[in-house]
Amino acid sequence: MVKEYFLAPHFNAPAPPRGVVKLGTILGRLDNFDPFNLEEFQPIPAAQLLPVETQDSVDIDIYGLHADRHPLTERALGLIGRGPRAPDRRPEGDHRVTSCKHLDTLAFIPIESYVRDTIDNLDDESYKPSSRSKRPVYMATGLKIAPEDFIVAFKVVQVWLDRKGEVKYKEYNKKAVMEFETSAEDDTATPFLFTSYPLVI
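Under our numbering, the sequence shown has 1067 at position 155, and the numbering climbs by one with no breaks.
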């Protein structure tokens, strides 16, 4: 499985519709939830939305989530298991554990016209990707939401302009830390895999 989800920059970003980050949100950076299309948000056609997926009893161990000395991709230390515990955010030694009774995944598959319309209607011209500087932006296409209604992780596509000024996009997972796996054959299958990091037992 390919890692495709990034940890949220912090665990106090409210989930939609209350929060500012939702499916289709444009971000300039992956380490900061600062939307570029807060005012001019384009509704997502129902045909592009995927069914909500739910994972039960998820425990995630996060190391130094808010520590500036660790880049975003090094903040995930591992998965410590699954259990019936209620959602909880608490420090345990040098790491922090987030336990969820369930985790909902909201996602959609953007089409070219939606991405183009979103970029054309950004709140500020300076937010648009630049073909000269090769500066991209990112569109949120997946959100993992805890029962307490905060965003745990997110998935994106990278959006840029080609030399002709046309909008292009593709899935982006460079330095992503989570992969999403479900198994009908194995009820104990680990839903979050941090394959490049040690586990905390």
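Beta carbons are placed, not taken as given, at the ideal position from N, Cα and C, and that holds for glycine. None of the values given here were measured: they were computed from a predicted structure.
Status (buried if at least 16 other CB within 10 Å, exposed otherwise) for residue i
i	result
VAL1089	buried
GLY1077	exposed
VAL964	exposed
ALA1058	buried
VAL914	exposed
THR966	exposed
LEU919	buried
LEU942	buried
ALA959	exposed
PRO955	exposed
Among the options, nearest to residue i - alpha-carbon criterion
i	options	result
GLY1054	PRO929, ARG930 and THR1017	THR1017
LYS1082	GLU1024, ARG1075, ILE1063 and ASP1061	GLU1024
LEU935	TYR1039, ALA1065, THR966 and LYS915	ALA1065
ILE1021	MET1051, LYS1046 and GLU1037	MET1051
GLY940	SER1043, HIS922, TYR1039 and PRO921	TYR1039
ARG1028	PRO921, GLN1070 and ALA959	GLN1070
ASN1033	VAL932, PHE953, ASN944 and PRO929	PHE953
ILE938	ASN949, ASP1074 and LYS1046	ASN949
ASP1074	LYS1046, LYS1067, LYS1056 and GLU1060	LYS1046
Close-in-space but distant-in-sequence residues of the same chain around residue i (CB under 7 Å, 5 per side omitted)
i	result
GLU951	ASP1035
ASN1085	VAL914, LYS915 and GLU916
Chain-order list of residues whose beta-carbon lies under 8 Å from that of residue i (same chain, five-residue window excluded)
i	result
ASN924	PHE1062
Contact set for residue i: own chain, Cβ-Cβ below 6 Å, skip 5 residues either direction
i	result
TRP1072	PRO1041, PRO1048 and LYS1080
LYS1056	LEU1015, THR1017, VAL1064 and ALA1065
In DSSP terms, what residue i is bridged to
i	result
GLN1070	TYR1050 and LYS1082
LEU1018	LEU1055
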